[in-house]
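Residues in the sequence shown are numbered from 57 upward in steps of one, following my numbering.
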Amino acid sequence: MSDWAGLAWLFVLLLANAFFVGAEFAVISARRSQIEPLAEQGKRSAKTALWAMEHATLMLAMSQLGITICSLLILNVSEPAIHHLLEIPLALTGWSEEVIGTVAFIITLVLVSYLHVVFGEMVPKNLSFSVPDRAVLLLAPPLVFIARVLKFVIVALNATANGVLRLFGVEPKNEANSTFTLDEVQTIVDQSRREGVLDDASGTLSAAFEFTTKRVSDVAVPMDSLVSLPPGATPRDVERAVAKHGFSRYVILGADGEPDGYVHLKDVIDLDDDEFDDPLPAKRVRRLVSVFDGTEVEDALSTMRRLGTHVARAFDREGATTGVVFLEDIIEELVGEVQDATRRG
């Protein structure tokens, strides 16, 4: 092989190495949320990219095999060519052949290592980190094609690697992680606010993070602060309570002073006039569900939504009532104050 052919192969192998490095980092850095819409639109490269992300360990095995082969060939192909080209100017120094050979080898090693690290590793890696979604659409299809051609070799290498992991009690993952934990999202939001690229003037984002840490006891209305109606309350009593307090929902207490149910304003407004002074019909009183006051607010919200109720009784470990939870108060933890349409200002 001529010296110039050796240099041409050096250029080709650097490009091939850069491809495998870029593809490797693109597959593990890209986000499904960005690729899935394109795949649903029928974009073939996006479908292939999703397949690569779902078979990340196979893609990493293919990339590592390609990088290793390219790295070994780069020095073997380029060293003789560059070494021979350097001997010509170094011969003018009058040094012995042994010294010239050693110096030429050191220069070749330093030069090739520099080109390999910078252009074969760092540049493609940084590009894939900077634009992972674009990079995976461009690089995943050819990587998947090569992996399918060398399927049996890649599967064998991957199985060996997974077997070693299992020997150490580690269960291998096949799909690249494409989600953020709550703490990671909060860190991103906090940093974005500090840098002025995100405005959370209403505090909704901050409230969403705090929401996950709160318990029912944090939002429940204590019994001594609860606006309730006594046993045997009439529709007239509901009407007066609305006029006085402005709330649309009222807890009905039982004979033992415990919450027995609740009534909504709309449950009584369609009653006849002669019924307004009679005790509330049982079918008009809505049942209360009970939730432990140590339950996370988001779990209580899920329970109330599933059962279709707006009011729940909160109880402690002994089963004693500690307060009443209103759906409105839970939602306010997320979006800020929610004004009851009937409430007095």
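We put the CB at the ideal spot given by N, CA and C, even for glycine.
Nearest-angstrom Cβ-Cβ length linking residue i and residue j, presumed shorter than 8 Å
i, j, result
"valine 345", "leucine 363", "6 Å"
"alanine 289", "leucine 336", "6 Å"
"valine 381", "alanine 297", "Contact doesn't hold; Cβ gap of about 19 Å is too wide."
"glycine 310", "proline 287", "6 Å"
"threonine 378", "serine 273", "7 Å"
"valine 307", "valine 367", "7 Å"
"glycine 317", "valine 341", "4 Å"
"serine 85", "proline 188", "4 Å"
"cysteine 126", "leucine 69", "5 Å"
"isoleucine 387", "alanine 356", "In fact, because the Cβ distance is near 12 Å, the residues do not count as touching under 8 Å."
Paired residues, beta bridge with residue i - DSSP
i, result
"arginine 369", "Ser346 and Val380"
"glycine 317", "Ile308"
"arginine 271", "Glu352"
Contact check, residue i vs residue j, beta carbons under 8 Å
i, j, result
"phenylalanine 175", "alanine 74", "yes"
"isoleucine 91", "leucine 106", "yes"
"isoleucine 130", "histidine 172", "yes"
"isoleucine 210", "alanine 203", "yes"
"valine 347", "arginine 271", "no"
"alanine 95", "lysine 103", "yes"
"leucine 121", "leucine 213", "yes"
"alanine 196", "leucine 183", "no"
"phenylalanine 76", "serine 119", "yes"
"proline 180", "glycine 62", "no"
"serine 89", "leucine 193", "no"
"leucine 199", "alanine 108", "yes"
"leucine 146", "isoleucine 156", "yes"
"aspartate 59", "leucine 148", "no"
Buried or exposed (CB count within 10 angstroms, at least 16 for buried), residue i
i, result
"aspartate 349", "buried"
"phenylalanine 371", "buried"
"isoleucine 144", "exposed"
"tyrosine 170", "exposed"
"arginine 343", "exposed"
"aspartate 293", "buried"
"glutamate 154", "exposed"
"methionine 279", "buried"
"leucine 71", "exposed"
"glycine 164", "What sits at residue 164 in the sequence shown is threonine, not glycine. Buried is the call here."
"alanine 299", "exposed"
"alanine 160", "buried"
"methionine 178", "exposed"
"glycine 401", "Note that glycine 401 has pLDDT 49, beneath the 50 cutoff, so the model's placement of it is unreliable and the number below is only indicative. Exposed, since its Cβ has fewer than 16 Cβ neighbours within 10 Å."
"arginine 373", "exposed"
Residue i in three-state terms, based on DSSP
i, result
"proline 286", "coil"
"arginine 87", "coil"
"proline 278", "strand"
"glutamate 374", "coil"
"glutamate 154", "helix"
"isoleucine 387", "helix"
"isoleucine 325", "coil"
"histidine 140", "helix"
"aspartate 189", "helix"
"threonine 301", "The identity of residue 301 in the sequence shown is histidine, whereas the question assumes threonine. In the structure shown, histidine 301 sits in a helix (DSSP, three-state: H, G or I)."
"leucine 206", "coil"
"proline 180", "helix"
"glycine 401", "Here the model assigns glycine 401 a pLDDT of 49, short of 50, so the residue's position is not dependable, and the following value carries that caveat. Coil, per DSSP."
"threonine 113", "helix"
"valine 226", "coil"
"leucine 219", "The question names leucine, yet the displayed sequence has glycine at residue 219. If DSSP states are grouped into helix, strand and coil, glycine 219 belongs with the helices."
"glutamine 120", "helix"
"leucine 131", "helix"
"phenylalanine 332", "coil"
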